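For the sequence shown, our numbering begins at 578 and goes up steadily by one.
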Amino acid sequence: MNESVQRALAQFRGLVKKIKLYQEAAGVLYWDMRTQAPRKGLEARSEVVGLLSGEMFRLSVSPEMGSLLEVLAAPEALEQLDDINRRLVEECKREYDRSNKIPPERYQEYVTLTTQSESVWEEAKEKADFALFRPYLERVVAFNLEFIDYWGYQGHKYNTLLDIYEPGMTVEKLDRVFGGLKERVVPLVAEIGQSPDQPDTSFLNRHYDEQKQLEFSRFILKEMGYDFEAGRIDKSVHPFATGLNPNDVRITTNFRENDFQFSLFSSMHEGGHALYEQNLSPDLAGTLLCDGASMGIHESQSRFWENMIGRSRPFWQRYYRDLQKLFPAELGAVSPEHFYRAINVVKPSLIRIEADEVTYNLHIMVRYELEKALFSGDLAVRDLPGAWNEKYRDYLGVEPSHDGEGVLQDVHWSGGSFGYFPSYALGNMYAAQIAHALRKAMPDLDDCLSRGELKPIKDWLTEHIYRYGKLQTPNEIIMRVTGEELNPRYLVEYFENKFRPIYGLA
Ligand code: ZN
C-alpha cells in the first residue's frame, strides 16, 4: 500500500470510529429514553440525542470525509485495500454522496416538515381525518420526488427509495416476487377463511402473570443462544432491539396479561435481531459494517426465530411442557396440538402490526403497490384512501370502516419513509429461502428442534450470515447461502406445507 493511501486510510478509520462511537452514545440514550428515563426528563434528553445525531451527520458529510474519500475511493487506491476497508469506503461514499447531493437548506426544511407531519398524522389518525393529514403528505411526497431528482434514478423513480433500505432492490424485482406471492397467497388465505376447521384460541386470552411470562421469555432467549452477558431484556411500550456493539445488544418487550402470545413472540423476534448483532465478526467492530446487511436481511432473522422456529410444531414438542408447568391452571388442560394450532391462526384483519404471518405479506403488498403508484405519478395523494380500501377488499377481503384503521394506521409515510415497507415482506421471503438451505444442511433439523438443540441452528446462521454484517449485499448473501436469487416459491411452499394441515385443507 503506498504511503498516501496508508495515511488517508488511518485518518478515515479514525473518523469512522468517531462516528460509530457517537452512534453508540446516542443508542444508549435512546434506549434509556424508551426504558428507564422519567417522563419529565424526556424533553431535555431528546435534545441531547438530537445534538449527537446532528454531530454524526456533520462528520459523515464533512469536507474532511470528502477529501479522504476522494483519495480512497479512487480505483488505484481501492484495489490496495482489503475487503473490509474497501467495503467500508464504498459504504461511506454511498452515504456521503446521497447526503451531499441535497442542498442543505432544502434538507433542513424537510426535517422541519416531517417533524410537523408526524404530529399532524398522530392527530389525524386519532380523529380518522385524512383531510387533515393530506396537505402534509403531499409535501412529503413532493420533497421525496425532488430528492430523487438530486440523487438520480434508473428505471422507476421509486427504485432510488427502495435502494436506501434494501441496496440493489428494484421495482422490477419486487413486481416479480410479490407477483409470485400474490398469485398463491391470496387464494390460500381465502381457502383458510372458508375452512370449517377453525382453531379455538380462547385459552390464549386467559390471565398470564407478567413475571412468569418474563421468566419464560428469558428461558427461551437463553435456549436460542442469546448471550445475557452481552445483553439484557427490559420493558418498553413498543418492543425493539438495539445493538450498541456486539458485546452489548439489548432487547425490550412488553406484556399483555390477557394475551399470552405478545411478549413471548416479540421477545423471540427481537431476540432474532439480537443474535444477528451479537454474532457479527469482531473484525467489523468500530466500523459502519458492524450492522445487518439491510433492513430485509435483518428482518429475515427476527422472523425466522419468531415464526419458523417459535411457531413450529417440533419446537413446542420440546418446550410446551415447560410452559404448562409455569401456567398449570391456564394451560394444564390444553393439548400440545390444540396449542400449536391456536398460535398459528390465520385471519385477515385491518391492522398490519396485528397480522398473522401469512396475511402480513398482503398488508405489505398493498403499501408497496400504493407507494409505487405515488412515485410513478399514477396515484395522487388525495386518492390514497379509496385506493387503500379497494386493495384491502381485493387482497384481504376486509374493508376499513374509517381511515384511522385504514390508510392512516402507520407512522412511516408521515416521516417520509417510503420504500421501507417492502423490507418486512422481503424479510419473510429471505427467511423461508434461508430456512430451506438450512434444512438441506441439517436434514435432522426437526429432531434437533424437538430435543431443544437450538445451538447448531444459531451456529449455522452465524457461520453463513451473522458474521458477515454489511460486508456483503443482500443479493450476495442470498446467492451465497442459497445458490439462487430471491425466490418467493420458498415462502409459498412453507405456507402451504404448514397451514394446509392446520386447517384440514387438501
Ligand atoms: Zn423486526
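The C-beta atom is built at its ideal place from N, Cα and C for all residues, glycine as well.
Note that the structure is predicted; figures quoted are calculated from it, not measured.
For the pair of segments examined, the stretch 840-857 was found to touch the stretch 885-892: the number of CB pairs separated by less than 8 Å reaches three. Straight through space, the alpha carbons of residue 627 and residue 621 are spaced by roughly 10 Å. Judged by DSSP secondary structure, residue 1028 falls outside any alpha helix (DSSP H); it is assigned neither H nor E.
When distances are taken from the beta-carbon of residue 846 to the heavy atoms of the ligand ZN, the shortest one is below 7 Å.
The beta carbon of residue 904 sits closer than 7 Å to the beta carbons of 785, 789 from its chain, once the five residues preceding and following it are set aside; these are given in chain order.
C-alpha of residue 1081 to C-alpha of residue 771: approximately 11 Å in a straight line. Within the DSSP secondary-structure output, residue 807 pairs in no beta bridge. The beta carbon of residue 991 lies closer than 6 Å to those of 694, 695, 698 in the same chain, with the five residues before and after it left out. Contact between the stretch 814-828 and the stretch 995-1004 is absent: fewer than 3 CB-CB pairs across the two stretches fall below 8 Å.
For residue 812, DSSP records a beta bridge to 830. Contact annotation: the stretch 1019-1039 does not touch the stretch 964-976, with fewer than three C-beta pairs closer than 8 Å. Only residues of its own chain outside the window of five on either side were considered, and among them 730, 747, 748 have a CB closer than 7 Å to the CB of residue 736, listed in chain order. Distances taken from the Cβ of residue 850 to the heavy atoms of the ligand ZN include one shorter than 7 Å. A direct Cα-to-Cα measurement between residue 664 and residue 775 gives close to 51 Å.
Taking every protein chain shown into account, the CB of residue 654 has 16 or more other CB atoms within 10 angstroms, so this residue is buried. A straight line joining the alpha-carbon of residue 674 with that of residue 916 spans about 52 Å. Per the C-alpha coordinates, the member of 924, 714, 609 positioned closest to residue 690 is 714. Here the distance from the Cβ of residue 843 to the nearest heavy atom of the ligand ZN is not below 7 Å. The three-state secondary structure of residue 873, taken from DSSP, is helix. DSSP assignment within the stretch 592-680 yields no whole beta strand (DSSP E) run of 3 residues or more. Residue 640 sits exposed, since fewer than 16 C-beta atoms from the chains shown fall within 10 Å of its C-beta. Remark: the shortest separation between the CB of residue 876 and any heavy atom of the ligand ZN falls under 7 Å.
Taking all protein chains shown into account, residue 685 has fewer than 16 neighbouring C-beta atoms within 10 Å of its C-beta and is therefore exposed. Counted as a single uninterrupted DSSP element, the alpha helix (DSSP H) harbouring residue 737 occupies residues 735-742.
Counting C-beta pairs with one atom in each stretch, the stretch 1014-1033 and the stretch 861-873 have fewer than three that are closer than 8 Å, which means they do not touch.
Of the other Cβ atoms in all chains shown, 16 or more fall within 10 Å of the Cβ of residue 808; this residue is therefore buried. In the displayed model, residue 825 falls within a strand according to three-state DSSP.
Sequence-distant partners of residue 578 (beyond 5 residues in either direction) whose C-beta falls short of 7 Å from its own C-beta, in its chain, are 657.
For residue 717, the CB contacts under 6 Å within the same chain, skipping 5 residues up- and downstream, are 694, 993 in chain order. In this structure residue 881 does not touch residue 1014 by the C-beta definition: roughly 12 Å separates them, more than the 8 Å allowed. The C-beta separation of residue 676 from residue 891 comes to about 47 Å, leaving the pair out of contact by the 8 Å criterion. At least one heavy atom of the ligand ZN lies less than 7 Å from the C-beta of residue 879. Residue 702 sits close to residue 985, with the two beta carbons spaced by under 8 Å. In chain order, 976, 977, 983 place their CB closer than 7 Å to the CB of residue 966, counting only its own chain and leaving out the 5 sequence neighbours on each side.
Under the DSSP assignment, residue 1068 falls in the alpha helix (DSSP H) whose first and last residues are 1066-1079. If you check the CB distance, residue 813 and residue 849 do not come in under 8 Å.
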